[in-house]
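Remarks on the structure that follows.
In the numbering used here, the protein residues as written are 15 to 189.
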């Protein structure tokens, strides 16, 4: 499926944010989850653009937006940047739609900048405001050196840690 709009870019608070925008009318801001980008919204964006001004950014660290290694990419930070993005694009109050971690950013934005949110729509949303979560920060920090030094051991430990998230805590099958 082709993108619902071409990628554009703008600078917000020293970071480049890629976004897609199409249509006219009341603005709708679509925030994607992981591991996706604004392309998540291609089918929906095309339909909505018939009646609305659809804006779908790539959150920082995702898609075609900047991926600065030392930049805060928490959902609170993503939420803080969205009103600035709207200002840069000349958009006012939005219908704010968030999926997955984009839903977490949407919730934070709705609380911190309620004057910018006309309505809030959450789709399969998480409800924490800190991404990456602690385990992901530890994994990101330790994985490369440990995986290079002890690849079999690291992958065995990583695999076992995933089992705790299965409903009964035990693997059903193994290779």
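Backbone N, C-alpha and C fix where the C-beta goes; we use that ideal spot for every residue, glycine too.
Item	Value
Tell me whether residue 37 sits in a helix, a strand or coil according to DSSP, three-state version.	coil
Is residue 80 closer than 7 Å to residue 29 when the C-beta atoms are compared?	yes
Measuring straight from C-alpha to C-alpha, what distance separates residue 133 and residue 44?	12 Å
Taking residue 18 and residue 64 to be in contact with their CB atoms under 8 Å, please state how far apart those CB atoms are, rounded to whole angstroms.	Their Cβ separation, rounded to whole angstroms, is 11 Å, which puts residue 18 and residue 64 out of contact at 8 Å.
Determine whether the beta carbon atoms of residue 99 and residue 31 lie at a separation below 7 Å.	yes
Go to residue 99, then tell me how far its alpha helix (DSSP H) extends in each direction, as first and last residue.	89–103
Can you list, in chain order, the residues of its chain with a C-beta nearer than 6 Å to that of residue 51? Leave out the 5 residues immediately preceding and following it.	72, 76, 77
Along the beta strand (DSSP E) that carries residue 69, what are the first and last residues, could you check?	67–71
With distances taken from CA atoms, which of 136, 39, 121 is nearest residue 89?	121
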